[in-house]
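Student: Numbering (the numbering used here), first residue to last: 92 to 480. Below you'll find the structure I mean.
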C-alpha cells in the first residue's frame, strides 16, 4: 500500500537582511529559488530606463527565435523624437542623446548581433529593429505581445510602451517584477552568455565593417572603477526621470543572487547599493536546524492490522540554510506498506521535507518501532490466496 499524507508544516521564516540603501526601490532575490532576502519599496512602480531591455530580450529568446535570423533596419526604427513636446510622438522613437548601436537604414544583421548590441552597449536602435523583425511587423504590436507575456509570467505591475526603456508616462515596472524577469531569463543560456560578455565583434554587414562592441556595464568589466568580481552579468540604465538603475547577477560558492536597484541619484549610489546588498548576503554563513528525530513517534492505521503501526525516523532530519533565506517548509509522509505482518525495524516509508512551493530539501527513512501482525481473517485470506493462485 502506498499513500502520501501531508501532516504538518514547519513555520520557519527568513529574516530579511538588515541594511539601508539609498535607492528609491530595491530587491535582492535568490536566482535559483526565488527567495527574497531584502526588499525596499519593491512593488512600487518606477521608470526602469534601459533595464527594460532584459524584458525585451527575455520575450525574444523565449520565442525560440533563431540567432542567425537576419533582421533589416527600417527607417521607422531609427526615427528620433525632438527634445521638446516629445510626449506627442510614438513612445518608441529614439532620443537624440540616447545610446545606440550605430545602425544604418537598410543594414542587415543577425538576431545574435542585435542582442549583443542591445544588452552590451544598450542600443536603443537595436531594440526597435528586433521589435519590428521578431514576428510582429511593428514596434507597437511587439510591445503588446511583450506586455501580455510578462503578465503571464507574474509581472503584475509592469507596463511597457517601448522595447528600450526611454521615458514615457505609460512605461513602468517594479524592482520585484524586474527580478522575476531576470530570474527567468537566467534559465536561457544565450542570455547568461551575453550579459557577462565584455567584448564582442559583430561580423561585417552590408553597411558597416566588422567592429568591436565593449560592454557599458562596469560591474563585469575588469579594471573599471565599479568592477565587482563576483558579478556574472547584468544591465545598467539611466534617464533623467528614472535616474540610475541597475540589475546585477552575482555568484559566490554556488549561490546566485539578483540585485535590482531603481532610482539611484548617481552612479556611485548605484554601485554602492548593489555592492552592499550582495556583500551582506554573501557574508552570511549557513545555519542548521533540526526539524525532527527518532524520538518522534508517528502512527499509521493499516487495513487488516491488529494495531496501529508506530514508526520513527532512523536518524535526525535537519536542513541547512542562509538566515535571510530560512524557508517555510512542510513534511510529507510517503508510506510503503505492501503487506502484513510488519517486522520491527522494517522500512515502511519516508519523510520528505519540501519548501512551501514544493521544492525538495531533504528526506529520511521511516521504520516500524515494533512488530505488527495481521488480524486472523486477513491472515487466512492471504494464506488461501497464496494456496490457490
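Where is the CB? At the ideal position from N, CA and C, for every residue including glycine. Just so it is clear, the structure is predicted and the values come from calculations on it, not from any experiment.
To which residues does DSSP link residue 441 through a beta bridge?
Tutor: Looking at the DSSP assignment, residue 441 forms a beta bridge with 425 and 456.
Student: Taking the C-alpha atoms as reference points, what is the distance between residue 339 and residue 413?
Tutor: Their Cα atoms are separated by approximately 20 angstroms.
Student: Let's see if you can read the secondary structure: which residues bound the alpha helix (DSSP H) around residue 215?
Tutor: Unbroken alpha helix (DSSP H) run through residue 215: 215-224.
Student: Just list the residues that DSSP pairs residue 263 with in beta bridges.
Tutor: 250, per the DSSP bridge assignment.
Student: Going by other Cβ atoms of all chains shown within 10 Å of its Cβ, with 16 needed for buried, is residue 304 buried or exposed?
Tutor: Buried: at least 16 other Cβ atoms inside 10 Å.
Student: By a C-beta neighbour count over all protein chains shown, 10 Å radius and 16 as the cutoff for buried, is residue 292 buried or exposed?
Tutor: When all chains shown are included, residue 292 counts as exposed.
Student: Excluding the five sequence neighbours on either side, which residues of its own chain have a C-beta within less than 8 angstroms of the C-beta of residue 491, listed in chain order?
Tutor: Because residue 491 is not part of the residues shown, which for the chain are 92 to 480, the question remains open.
Student: How about the segment 252-263 and the segment 226-242: do they share at least three Cβ pairs that are nearer than 8 angstroms?
Tutor: The segment 252-263 vs the segment 226-242: in contact.
Student: Could you check whether residue 118 and residue 351 sit closer than 8 angstroms to each other, using their CB atoms as the reference points?
Tutor: Yes; because the gap between Cβ atoms is below 8 angstroms, this pair is in contact.
Student: Express the C-alpha separation of residue 198 and residue 299 in angstroms, rounding to a whole number.
Tutor: If you take the alpha carbons of residue 299 and residue 198, they lie about 8 angstroms apart.
Student: Near residue 182, what residues of its chain come up, given a Cβ to Cβ distance below 6 angstroms and the 5 sequence neighbours on each side ignored?
Tutor: So the list reads 252, 253 and 259, once near-sequence residues are dropped.
Student: Out of 155, 286, 266 and 322, point me to the one whose CA is closest to residue 134's CA.
Tutor: Minimum Cα distance to residue 134 is reached at 266.
Student: In chain order, what residues of the same chain lie with their CB nearer than 7 angstroms to the CB of residue 453, ignoring the 5 residues before and after it?
Tutor: Here the set comprises 408, 410 and 444.
Student: What does the alpha-carbon distance come out to for the pair residue 286 and residue 148?
Tutor: Rounded to the nearest angstrom, the two C-alpha atoms are 11 angstroms apart.
Student: Measuring alpha carbon to alpha carbon, tell me which of 211, 205 and 356 ends up nearest residue 224.
Tutor: Of 211, 205 and 356, the residue nearest in Cα terms is 205.
Student: Note the first and the last residue of the continuous beta strand (DSSP E) segment covering residue 335.
Tutor: Where residue 335 is concerned, the enclosing beta strand (DSSP E) stretches over 334-343.
Student: Whose C-alpha, out of 360, 269 and 209, is nearest the C-alpha of residue 241?
Tutor: Answer by Cα proximity: 269.
Student: Are at least three pairs of beta-carbons, each pair with one atom in the segment 269-278 and one in the segment 145-165, less than 8 angstroms apart?
Tutor: Touching, yes.
Student: What do you get for residue 451, buried or exposed, if any count of 16 or more other CB atoms within 10 angstroms of its CB means buried?
Tutor: Answer is exposed; the Cβ neighbour count stays below 16.
Student: Measuring straight from C-alpha to C-alpha, what distance separates residue 380 and residue 387?
Tutor: The alpha-carbon atoms of residue 380 and residue 387 are separated by roughly 16 angstroms.
Student: Pick from 342, 296, 307 and 329: whose alpha carbon is nearest that of residue 320?
Tutor: The residue with the shortest Cα to Cα distance from residue 320 is 342.
Student: Sorted by chain position, which residues of the same chain lie with C-beta nearer than 8 angstroms to residue 436's C-beta, five sequence neighbours on each side aside?
Tutor: 458 and 459.
Student: Measure from the C-beta of residue 316 to each C-beta in chain D and report whether the shortest distance is under 8 angstroms.
Tutor: Given the protein chain composition of this structure (a single chain), no chain D is represented.
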